[in-house]
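Just so you know, we're using UniProt numbering here: the sequence shown kicks off at 1 and counts up by one.
What follows is a set of notes on a single structure, which appears directly below.
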Amino acid sequence: MEHITSTPTMKAPAARFTGDVYLNMIEAPTEPALLAAGLVRFTPGARTNWHSHALGQVLYVTDGVGLVGTRDGGVARVSAGETLKCPAGEEHWHGATDTHLMAHIALVVGDGDGTTWLEPVTDEQYDAALATV
1 MEHITSTPTM KAPAARFTGD VYLNMIEAPT EPALLAAGLV RFTPGARTNW HSHALGQVLY
61 VTDGVGLVGT RDGGVARVSA GETLKCPAGE EHWHGATDTH LMAHIALVVG DGDGTTWLEP
121 VTDEQYDAAL ATV
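Put into structure tokens, the structure is as follows:
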């Protein structure tokens with residue numbers, strides 16, 4: 001058993017996020033386990049870049065209100081207590097709404113974390129997502 005009483009909060013890298021985003025790693029993938037888990041906190045308007053996961057991703061929202069968008073224009077509004085599953089290989093983004101923060105636990109299984117990071121979500125794409133929910 002390993003009892004971890006705290007993990008450091010780090011600012012998420014600007015190369016992968018727009019706005020102020022903070023990350024506490026819960027678990028990094030290490031052999032033989034392949035789970036990556038992190039608590040991610042988004043300030044209003046903050047969001048990930050477009051990205052995909054080789055084996056998919058599960059997001060459990062712990063606080064606030066957020067959005068998850070897909071390349072086909074689909075947008076889900078998520079709030080505390082809700083879970084969203086992103087299928088393997090689906091390009092998507094997630095973040096806070098423009099008026100509320102959002103925090104989620106991100107869970108990814110795979111060799112490394114299997115994430116392919118892509119370009120930023122434009123302000124126009126973000127505004128269009130807001131307009132749909």
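Each residue gets a CB set at the ideal place from its N, CA and C atoms; glycine is no exception.
This one's a predicted model, so the numbers in the text were calculated from it and none came from an experiment.
Q: Less than 8 Å between the CB atoms is what I'm expecting for residue 7 and residue 46, so what's the real figure, rounded?
A: 20 Å between Cβ atoms; not a contact.
Q.
At the level of alpha carbons, what is the spacing between residue 67 and residue 95?
A. 6 Å
Q. For residue 48, is the classification buried or exposed, using 16 other Cβ atoms within 10 angstroms of its Cβ as the cut-off for buried?
A. With 16 or more other CB atoms across the displayed protein chains lying within 10 angstroms of its CB, residue 48 is buried.
**Q.** Cβ neighbour criterion (16 or more within 10 Å) applied to residue 102
**A.** buried
Q) Should residue 79 be labelled buried (16 or more other beta-carbon atoms within 10 Å of its own) or exposed? A) exposed
Q: Could you tell me if residue 3 is buried or exposed, where buried requires 16 or more neighbouring beta carbons within 10 angstroms of its beta carbon?
A: exposed
Q: Please report the Cβ distance between residue 59 and residue 109, rounded to the nearest whole angstrom; I am assuming they are in contact, meaning their Cβ atoms lie under 8 Å.
A: The beta-carbon separation of residue 59 and residue 109, rounded to 13 Å, does not stay under the 8 Å limit for a contact.
Q) So what does DSSP say about residue 134, is it helix, strand or coil? A) What the structure shows of the chain is the stretch from 1 to 133, and residue 134 is not part of that stretch, so it cannot be assessed.
**Q.** Among 104, 32, 131, nearest to residue 61 - alpha-carbon criterion
**A.** 104
Q) Can you list, in chain order, the residues of its chain whose CB lies under 6 Å from that of residue 16, leaving out five sequence neighbours each side? A) Hits under 6 Å: 49, 117.
(Q) Please identify the residue among 65, 89, 74, 82 whose C-alpha is closest to the C-alpha of residue 43. (A) Nearest C-alpha to residue 43 among 65, 89, 74, 82: 65.
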